[in-house]
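Novice: In our numbering, the protein residues as written are 3 to 378.
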């Protein structure tokens, strides 16, 4: 059987160490390692804008048991479609994009499982010349704008995580309907913010939040990085599970560049592994071990030995993602319709979940109709 992996990768990924440990396990269980020729590893173009060759990292660390040829050009939605169509296909994508995908295609429920990986946190980048210091400030500015001076926000590629969160905000906050959006993403969007051509852009930052792009932004005298979070937003998105959590993160290594080590409380999703429920159990086991162990993080990172439980868990179901969105829209309009006093959480070190719940731990993320069993 030919194994085909479809990978939509962005963020920092550690080498996938599935050789010695998995080989020993296979020997003890009577199995054999999977070998196949002409396997394909696809990487979404929209997720290849950072400074790490994730495809090469994955290709190298999956060998020799899972040899793949790297190809690119697929979006996350395409990747999920291919995973759904083939039991020997796996992918890497974002939790919120995945939730939107299964909401749009209910028939995929029960046929896909998602294993949460590393934190993928959303940040707002604005010009240093603007008085905007938070998401609440941005909403206040939207309310004060005239129709002749609309805000322009770049939310990145339409199938990517920043655009997914923005789509949710637009349904909750009526004022966002009047915002002009662009979808360039990457350094093109950052350059337009710096030059004053657009007002803001939404970006993703990946644990351990020390990549060159973050360093460049922190050093810049043209732009500033803000959290994409409101305490009231966190309190209102409750009652149903969502692909988002509030997380306190530290940008940079805190050593040599200006602004490094600053802590922000922001909205995070996660980068993880999507698999068909009919995937070969040996490959499924390897993927589950990788996500649970934190091996998706880069070598030597301060988070490499332990990941926040809410983001490394593989138990939270996306079956109620549609209900979460409906509840968010219904309850969110009540407080966004008029200015409200914003107060920070009592303890930012133990940030509340955007769902109002503490994340659980355990087995795989199953769609409705799945059996929810943990791979043996």
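We put the beta carbon where it would ideally sit given N, CA and C, even for glycine. Here the structure is a predicted model, which means the values were calculated and not measured.
#1: Rank 120, 244 and 159 by C-alpha distance to the C-alpha of residue 293 and give the top, closest one.
#2: Does DSSP put residue 180 in a helix, a strand or coil?
#3: Measure how close the beta-carbons of residue 177 and residue 141 come, nearest whole angstrom, since I'm counting them as under 8 Å.
#4: Check whether the segment 150 to 162 touches the segment 176 to 195, counting contact only when three or more Cβ pairs, one atom from each stretch, lie closer than 8 Å.
#5: Alpha carbon to alpha carbon, how far is residue 243 from residue 97?
#6: Can you have a look at residue 65 and say buried or exposed, based on whether 16 or more other CB atoms are within 10 angstroms of its CB?
#7: Measuring CB to CB, does residue 268 end up less than 8 Å from residue 219?
#8: Assign residue 245 to one of two classes, buried (16 or more other C-beta atoms within 10 Å of its C-beta) or exposed (fewer than that).
#9: Tell me whether residue 409 is buried or exposed, calling it buried when 16 or more other Cβ atoms sit within 10 Å of its Cβ.
#10: Could you tell me whether the segment 74 to 92 touches the segment 166 to 175, where touching means 3 or more Cβ pairs closer than 8 Å?
#11: What are the boundary residues of the beta strand (DSSP E) that residue 253 is part of?
#12: Taking just the CA atoms, how far does residue 221 sit from residue 128?
#13: My assumption, with CB atoms under 8 Å, is that residue 253 sits in contact with residue 273. Please give the rounded CB distance.
#14: Where does residue 264 fall in DSSP's three states?
#15: Measure the C-alpha to C-alpha separation of residue 93 and residue 215 and round it to an integer number of angstroms.
#16: Would residue 264 be called buried (16 or more neighbouring beta carbons within 10 Å of its own) or exposed?
#17: With a threshold of 7 Å on Cβ separation, who are the neighbours of residue 106 within its own chain once the five nearest residues in sequence on each side are excluded?
#18: So residue 76 is in the alpha helix (DSSP H); what residue range does that whole segment cover?
#19: Tell me which same chain residues have a C-beta within less than 8 Å of the C-beta of residue 152, skipping the five on either side of it?
#20: Quick check on the DSSP output: the alpha helix (DSSP H) that includes residue 294 runs from which residue to which?
#21: Can you grab the Cα-Cα spacing for the pair residue 281 / residue 289, in whole Å?
#22: Do residue 202 and residue 147 have their C-beta atoms within less than 8 Å of each other?
#23: Spell out the partners DSSP gives residue 124 in its beta bridges.
#24: Can you grab the Cα-Cα spacing for the pair residue 168 / residue 271, in whole Å?
#25: Answer with buried or exposed for residue 135, where buried requires no fewer than 16 other C-beta atoms within 10 angstroms of its C-beta.
#26: Using DSSP's beta-bridge definition, name the partner residues of residue 185.
#27: How many whole angstroms separate the CB atoms of residue 154 and residue 200, which I take to be in contact at a CB cut-off of 8 Å?
#28: If the criterion is Cβ atoms closer than 8 Å, does the pair residue 102 and residue 46 meet it?
#29: Comparing C-alpha positions only, which one of 156, 232 and 130 sits nearest to residue 225?
#30: How far does the beta strand (DSSP E) with residue 228 in it reach, from first residue to last?
#31: For residue 114, does the three-state DSSP call read helix, strand or coil?
#32: Could you compute how far the alpha carbon of residue 76 sits from the alpha carbon of residue 228?
#33: In angstroms with no decimal places, state the Cα-to-Cα distance between residue 83 and residue 72.
#34: What residue range is occupied by the uninterrupted alpha helix (DSSP H) comprising residue 141?
#35: If you follow the alpha helix (DSSP H) that residue 216 is part of, which residue opens it and which one closes it?
Specialist: The short version:
#1: Residue 293 sits at position 291 when you count from the first residue of the chain shown. The candidate whose alpha carbon is nearest that of residue 293 is 120.
#2: Taking the first residue of the chain shown as position 1, residue 180 is located at position 178. Three-state result, residue 180: helix.
#3: On the chain shown, position 175 is the one that residue 177 refers to. On the chain shown, position 139 is the one that residue 141 refers to. Sure, about 6 Å apart at Cβ, within 8 Å.
#4: yes
#5: Walking along the chain shown from the start, residue 243 turns up at place 241. Walking along the chain shown from the start, residue 97 turns up at place 95. Roughly 12 Å separates the two Cα atoms.
#6: Taking the chain shown and counting its residues from 1, the one referred to as residue 65 is at position 63. Label assigned to residue 65: exposed.
#7: In the chain shown, the residue the question calls residue 268 occupies position 266. In the chain shown, the residue the question calls residue 219 occupies position 217. Contact flag unset, no.
#8: What you label residue 245 is simply residue 243 of the chain shown in a count that begins at 1. Under this definition residue 245 is a buried residue.
#9: For the chain, the structure presents residues 3 to 378; residue 409 sits outside this window and is missing.
#10: Output reads no: the segment 166 to 175 does not touch the segment 74 to 92.
#11: Within the chain shown, numbered from 1, the residue matching residue 253 stands at position 251. Where residue 253 is concerned, there is no enclosing beta strand (DSSP E), given that its DSSP letter is neither H nor E.
#12: Residue 128 sits at position 126 when you count from the first residue of the chain shown. Residue 221 sits at position 219 when you count from the first residue of the chain shown. Here the alpha carbons of residue 221 and residue 128 stand approximately 14 Å from one another.
#13: Taking the chain shown and counting its residues from 1, the one referred to as residue 253 is at position 251. Taking the chain shown and counting its residues from 1, the one referred to as residue 273 is at position 271. Contact flag wrong, Cβ pair sits at about 18 Å.
#14: By one-based count along the chain shown, residue 264 stands at place 262. For residue 264, the three-state secondary structure derived from DSSP is coil.
#15: Stepping through the chain shown from its first residue, residue 93 is reached at position 91. Stepping through the chain shown from its first residue, residue 215 is reached at position 213. So the two alpha carbons sit approximately 25 Å from each other.
#16: What you label residue 264 is simply residue 262 of the chain shown in a count that begins at 1. Result: exposed.
#17: Position 104 of the chain shown, counted from the first residue, corresponds to residue 106. No residues qualify anywhere along the chain.
#18: Position 74 of the chain shown holds residue 76. Element bounds for residue 76: n/a, residue is neither H nor E.
#19: Locating residue 152 in the chain shown gives position 150, where the first residue counts as 1. So the qualifying residues of the chain are 180, 181 and 182.
#20: By 1-based counting over the chain shown, the position of residue 294 is 292. For residue 294, the enclosing alpha helix (DSSP H) covers residues 283 to 295.
#21: Residue mapping note: residue 281 aligns to position 279 of the chain shown, counting from 1. Residue mapping note: residue 289 aligns to position 287 of the chain shown, counting from 1. Rounded to whole angstroms, residue 281 to residue 289 spans 11 Å at the Cα level.
#22: Numbered from its first residue, the chain shown carries residue 202 at position 200. Numbered from its first residue, the chain shown carries residue 147 at position 145. Result no, Cβ atoms of residue 202 and residue 147 do not sit closer than 8 Å.
#23: The residue given as residue 124 occupies position 122 in the chain shown. Looking at the DSSP assignment, residue 124 forms a beta bridge with 206.
#24: In the chain shown, counting from the first residue as 1, residue 168 sits at position 166. In the chain shown, counting from the first residue as 1, residue 271 sits at position 269. A straight-line Cα-Cα distance of about 13 Å links residue 168 and residue 271.
#25: Stepping through the chain shown from its first residue, residue 135 is reached at position 133. Per the 10 Å Cβ criterion, exposed.
#26: Here residue 185 refers to the residue found at position 183 of the chain shown. Per DSSP, none; premise fails for residue 185.
#27: Along the chain shown, one-based indexing puts residue 154 at 152. Along the chain shown, one-based indexing puts residue 200 at 198. About 4 Å; that satisfies the 8 Å criterion.
#28: The residue labelled residue 102 in the question sits at position 100 within the chain shown. The residue labelled residue 46 in the question sits at position 44 within the chain shown. Not in contact: residue 102 and residue 46 (Cβ atoms no closer than 8 Å).
#29: In the chain shown, residue 225 corresponds to position 223, counting from 1. Here the closest residue by C-alpha is 130.
#30: As a position in the chain shown, residue 228 is number 226, starting the count at 1. Unbroken beta strand (DSSP E) run through residue 228: 225 to 229.
#31: The sequence position of residue 114 within the chain shown is 112, counting from 1. Of the three classes helix, strand and coil, the one that applies to residue 114 here is strand, per DSSP.
#32: By 1-based counting over the chain shown, the position of residue 76 is 74. By 1-based counting over the chain shown, the position of residue 228 is 226. Between the C-alpha atoms of residue 76 and residue 228 there is a straight-line separation of about 30 Å.
#33: For the purposes of this step, residue 83 is taken as residue 81 along the chain shown, with counting starting at 1. For the purposes of this step, residue 72 is taken as residue 70 along the chain shown, with counting starting at 1. Taking the straight line from one Cα to the other gives about 18 Å.
#34: Taking the first residue of the chain shown as position 1, residue 141 is located at position 139. Segment 137 to 146, the alpha helix (DSSP H) holding residue 141.
#35: The count along the chain shown starts at 1 and reaches residue 216 at position 214. Per DSSP, residue 216 belongs to the alpha helix (DSSP H) from 214 to 221.
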